[in-house]
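Enquirer:
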Amino acid sequence: MKQWLMIAFYLIGGSLLSAADSTVTQSDAVLGTWFTEKDDSRIEIYACEGKFCGKITWLKDPLYDEHDQMAGKPKVDRENPKKALRSRSIVGLEIMTGFVFDEGSWVSGRIYDPESGKTYKCKMKISEEGHLQVRGYIGIPALGRTTTWTREPSDAQYAVE
């Protein structure tokens, strides 16, 4: 009898560990670098304090163009509603915070749009094709917009089969 209890313990314990490992793997599937829908920037999503965050790591056009009053200078967070933050560089700017993994999606996050200076609630999900569906919204998800990001090919190791 004691032997059967030990076998049952190992089988149940192994199943629980396997399920926990699967959840960790699924939650980590969002990690890595993603191209935004217009291919004009790259966002690195990383673990931060038990949640998921993201920052801009590359801009197609990192400098203001010749028609801008700041022509030739690196782009900064000049639309930020907080005046003290307007001189922050766009490259390196953390724009995604607070995401938690829940049943195949990353929810309860916030996303900041440096072009408008506005912050939105946000949720994300990886499509069957492996694209990241990022939905920013006000109040409820129905009042929002979804954009599709593509994983940088060198980060394919994070994808979950």
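Throughout the sequence shown, residue numbering follows mature numbering (1 follows the signal peptide of the UniProt record, and there is no 0), covering -19 to -1, 1 to 142 in sequence.
Idealized CB from N, CA, C, for every residue including glycine.
1. Rounded to whole angstroms, what's the CA-CA distance from V57 to A123? Just pull it up for me.
2. What's the C-alpha gap between T78 and A52?
3. May I ask which residues mark the beginning and end of the beta strand (DSSP E) holding M105?
4. Does the contact criterion of 3 or more C-beta pairs under 8 Å hold for the region 4 to 23 versus the region 36 to 54?
5. Assuming contact is defined by CB atoms lying nearer than 8 Å, are R116 and K104 in contact in what I supplied?
6. Return helix, strand or coil for S8, following the three-state DSSP convention.
7. What is the DSSP secondary structure of A123, reduced to helix, strand or coil?
Expert: Once the coordinates are examined:
1. 31 Å
2. 31 Å
3. 99 to 107
4. yes
5. yes
6. helix
7. coil
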